[in-house]
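First to last, the sequence lines map onto chains W and H.
Each residue of the first sequence is one higher than the one before, counting from 7 in my numbering.
Each residue of the second sequence is one higher than the one before, counting from 8 in my numbering.
Note that CB positions come from ideal geometry on N, CA and C, so glycine has one too.
Quick caveat, the model's predicted, so the values are computed rather than measured.
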Amino acid sequence: MRLPLSWLREWVEVEGTAEQIAEALTTRGFYVEGVEHHGAPHPGIVVARVLAAEKHPNADKLKLCRVDSGSGELSIVCGAPNVTAGMTVPLATVGTTMPNGLVIKAAKIRGQLSQGMLCSTRELMLSDDHSGILELAEYLGRTDLPLGSPIDDHLPPPDAVLEVEVPFNRPDGMGVIGLAREVKAALGGRWTDAARTRLAARPAITATSTPFPLTLDDADCPAFFAQVVHGVHVGESPAWLKQKLAAMGQRSISNLVDLTNLLLFEYGQPMHAYDLAKVAGPALHVRAAREGERLTTLDGRERTLTATQLLITDAGRPVGVAGVMGGADSEVSATTTDVLLECAWFAPTRVRRSARALGLATEASKRYERGVDPGIGAAAAQRYLTLLLELCPGAKLGAGAWVEQATPEVTLTLRPSRAERLVGIPFTSERCEVILSALDFGVTHQGDALAVRVPSWRLDCRLEDDLVEEVARGNGYDRIPEAPMETHGAFAVRTPRERTERRALEAMLARGLSEAWSGSLVSVAEAEATLGMAGEQGGLVRLANPMSTESAVLRPNLVAGLLRAVAHNLRQGAPSVRLFEVGAGFSSLGARLPEERRMLAAVVTGQRFRHAHDAAQASVDFLEAKGLWQAWLREMRVDAAGWRAYAGRGWKPGASAEVAAQGSSIAWAGAVARDVLAAWQIDADVHLFVALLEPLAEGATATVRAQVPGRFPPVRRDLAFFVPRAVTHAKVEQTLAHHGGGLLREVQLFDVYEGPGTPQGTKGLDDARPSHHAEPTLTEAQVTVLQARLVTAVATECDGALRERG
Amino acid sequence: MSDVRSLLAARLDPAWGRAEPSGLLADWPERLAALSAASAEVASITADYVSAIAAAGDAAALQSVRNAALSRESGAFTEALALVPSLSVDEKRVWGKALNLGRKAVEDADKARRAQLEAAREADHALDVTLPGREPWTGRPHVLAQVRDDLLDLFHGLGFSVYTSPEVELDEYNFGKLNFAADHPARDAHDTYFVEGASDVVLRTHTSPGWVRAMEERKPPLRLVFPGRVYRAEAVDASHMDQFHQIDGLFVDRDVSMADLKATLNTFARAIYRADLPTRIIPIYFPFVEPGVQMDVQCVRCDGRGHVPGEEGARRCPVCKGTQWVEVLGAGMVHPNVFRAVGIDPEEYTGFAFGMGLERIAMGRYGIPEIRLFLENDLRFLGQF
Ligand SMILES: [Zn+2]
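In structure tokens, the structure reads:
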């Protein structure tokens, strides 16, 4: 909402500069985003007349003018296309400093002397118009301007316009009057006499008036004022009206329409003017639209209506969508001689739904849906009629109808003690009264409390705490002190989820992966390509109203986001990408809300080291990547992770694994399948790891029982076996562990051998077994017995043969 | 005596190089003076040996000089000293002293030269320590995680615990119980993503639904923070994302006031911005608080002047748009309707709440010009923080 200070001062008498008024509004909750200063003073710029304007001899686009400056003839070169002989123009004489800082000098332009400058409205900072030189006589509506007189003698005084952000709950701030009331309260001003008169005005509908046929058939329209005015003259608005609308950023249309807009901006009351000749009956009827009913609105578009819209019709057909936009057919035009004014109140919710369904947001609908003051209609209508009769002196009031609504009387109790409790400083009932009265609330004392009558325009005040806010605002938020910091016995704890995720993060950072944050919204194609890669069972969660196909569905897991990141970084020339993310995957399982599974996913592609210029540098392979994931699982306190081959969707078969702990799958690791990578145009091996965090939370946050290390070093034995190729390392390890009992502490693979001397179809697995027993240390005899038992077990359960060593 | 002298002289190989003895023994002038006082001849011979040692180019040459002078079998000093017992008492004293001083000088010179040669040998085999090492990869937490953790550390210190709630929420929790009336224009500020097939399920537009869930689940005093991702159905550009991150805070107990709120907000500003940065709180409307509060901090780009130096004189500050202040968060006292919606008696309890955006803080702190960068995961961007 724009607020010109000249307009504000028509309503209230207050002291203060534009900046002080802006500050006052901001600190009362009407945020002023900017202050524009208009019509800077123009010393040195005078009224002049163009005597002749001819083409410049040496330039096609320039004109050479002879100008009467009031104190002699000047030669001036001008580039504006509209300069003609006889025009009255603003002339910047030599030596003038323009509002933008430019100093005017006498100079030769393409060989011709130029002794000043003719100005456009933009050069005078009167508006943004730079299409031509300002025709002063037309602009000011005067032909008697003395040549040579300063233009500032004839222009309206400089003004400032505040750009005010009006809170959603303060529709009264959508009009100059509402903002004026706030300024008045903030700076201790008073209504002007004109304001008092206007606010108390009511339309003069008398018993002698002919009643206008008006029927209201919908509860969402409880109040409607209709008035016919005969003998109007539709034409251009006077300068003062044009200037007011221009300051609001509204273009001038015609005197009748401009007046409705004036009232909209001033009173916050939308109005509409119909051409009476085009209103069948003439009569007006307000009802719900019927399904499929059609109306061409003022913007020229034909609209198909539903019962959502409240419709205004004449005796036969629709003439407007109530509160949103009028119809094109009954629009006021240059030939209009009789006008029908509408000034009505419509229910906010109805207008909001109606406008939304039509995809329209008009100045009227914006005000109606927030809530127009139900008590302002009468004064606004009367002001319109008064101004209309001033602009069209021959006009006469005709038939009228006035259905008024009983404005709800809202009276609230305010306890100063409640204000003190919420705001944190003491308030007396007298102080509360001063603050509320300044905003035109009605206040009476009731014991310690106040009975507060809420004005009709304050739709936001329905509870005692709403009045507490008024008191706090009025008193100034800057006067609220800082209380000592107190927690009331509350203390902070880190939740298990925070602790788990913190550990997950740190354990990944330590592996040299950086943390990624990807969008949760992905394309359907991306979601489908990766669905199930974190073992999720449910379906996709799609958006009903996506903004783009790239963001149409919630990610089922974190894979798509990381692959996006891999693709992006490879495209940007990164040789290696190492990223991980902690976040939620979303699956629909039929409940009201989708399941949100917290997980960690990580990708690695490229080289083992950030830098190595020797043989240690290599591309990350399966075992290198698996080592990262194993180390991470160890940090997450997963002791017994079982790895088995996995060939689920999205994973490359023969190079992927599923990880289980305590009987349930907790993670997946391996290479991403080629077809999935192709969807992101990735042409590199990408190693991926996905782990569910919830199953890890318990282990990651458990308090361990300390164990004292043994006093004796462990006994180590190296055993090497030939086993069939199909027997996995895990199988041999399990066999050894199972038969080693309490004496076998750890099994460690130290080589896989498939070179010369390996029997056909077998591989050599060399396992070292550091054994450990508490105290005393194992005897040689015990170790020999254990070793024999293990060799037998591997032979019988894994078909393995002890490899004789040379 | 001439026997001893000639013996020494004979052992001196003229082929040995010469170098300045003082290059090897820092105290050589003193030693030579002491020697000369005992025997000028021995001093001269010693000087020759020490010079030869200083000139020895490698370990073998040095060993050869050493052997000539000191070898147990045939060293010049060894043999000369062996003759000393046969001299007269006076000669014994003079020659014995001179020879011992000379031998000591030669031994010390040998030791010093040996160390020099060893150091030179090691220098020849030195690694080029400027070669880059075999450097493992390092990982960085995301810049928003760093900002979030700074905030959580602060609020943790102030006694606030984390509470998490779903990102996909019921309309009732995102709006209804937070006092957004159905069809109220306040909902327009929250462009909402809806889930297909369920008109009452939305992607939360703020982290405030967490308060509702926490208050339904727990009893006051509640001192909680609610970090998380939120969604708005907005077209993405340099300053708008359809996903971003907030932290809400909530404190509910008997007799919590705006003065308590102000203390918390100012503590936040001092810790996260600057201890002496001016702040202000002004009224603002949110449906779920009453009274509502916006906190601004003074613009750090223009130091609260509203304008910055430009090429053609001062121009309007691009950060605060000339207003001298930058909005950092919204806050207020929990609305009585919100309390009623969760079954808390607003006459018994009061509370404050606040909410802030991580991106806004991160962009201000690090001078990040585009909000899109946060979710792009460009390693060159992430690696800076
Ligand atoms: Zn600034």
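Taking the alpha carbon of residue i as the point to measure from, which residue in the options has its own alpha carbon closest?
i             : options                    : result
residue 229/H : 221/H, 236/H, 235/H        : 221/H
residue 325/W : 688/W, 364/W, 285/W        : 285/W
residue 170/W : 595/W, 233/W, 32/W, 82/W   : 32/W
residue 356/H : 364/H, 365/H, 224/H, 342/H : 342/H
residue 109/W : 115/W, 98/W, 117/W         : 98/W
residue 155/W : 175/W, 447/W, 74/W, 227/W  : 74/W
residue 111/H : 123/H, 371/H, 50/H         : 50/H
residue 299/H : 88/H, 338/H, 346/H, 313/H  : 338/H
residue 333/H : 371/H, 67/H, 296/H         : 371/H
residue 174/H : 270/H, 65/H, 252/H         : 252/H
residue 354/W : 577/W, 373/W, 367/W, 345/W : 373/W
residue 358/H : 430/W, 560/W, 602/W, 706/W : 430/W
residue 736/W : 225/W, 329/W, 646/W        : 646/W
residue 624/W : 142/H, 84/H, 74/H          : 142/H
residue 105/H : 43/H, 223/H, 246/H         : 43/H
residue 92/W  : 114/W, 59/W, 80/W          : 59/W
residue 523/W : 383/H, 392/H, 388/H        : 383/H
Could you tell me which residues DSSP puts in a beta bridge with residue i?
i             : result
residue 160/H : In the DSSP output, where bridge partners are listed per residue, residue 160/H has none listed.
residue 51/W  : 98/W
residue 363/H : 254/H, 336/H
residue 2/W   : The question about residue 2/W has no answer here: the residues shown for chain W are numbered 7 through 812.
residue 169/W : 8/W, 40/W
residue 118/W : 115/W
residue 451/W : 456/W
residue 528/W : 559/W
residue 247/H : 244/H
residue 578/W : Answer is none; residue 578/W lacks a bridge partner.
Would you identify the three-state DSSP class for residue i, choosing helix, strand or coil?
i             : result
residue 27/H  : coil
residue 222/H : helix
residue 298/H : strand
residue 374/W : helix
residue 349/W : strand
residue 285/W : coil
residue 693/W : strand
residue 534/W : helix
residue 65/W  : coil
residue 200/H : coil
residue 29/W  : helix
residue 681/W : helix
residue 240/H : coil
residue 328/H : coil
residue 592/W : strand
residue 148/W : coil
residue 316/W : strand
residue 648/W : strand
residue 229/H : strand
residue 136/H : coil
In the DSSP assignment, find the unbroken beta strand (DSSP E) run with residue i in it and report its ends.
i             : result
residue 8/W   : 8-10
residue 294/W : 290-294
residue 115/W : 113-115
residue 757/W : 754-759
residue 408/W : 402-409
residue 230/W : 229-236
residue 663/W : 657-667
residue 314/H : 314-317
Answer yes or no: the CB of residue i versus the heavy atoms of ligand 2, is any distance below 7 Å?
i             : result
residue 326/H : For ligand 2, the structure offers nothing, since it holds only ligand 1.
From what residue to what residue does the alpha helix (DSSP H) around residue i run?
i             : result
residue 435/W : 435-444
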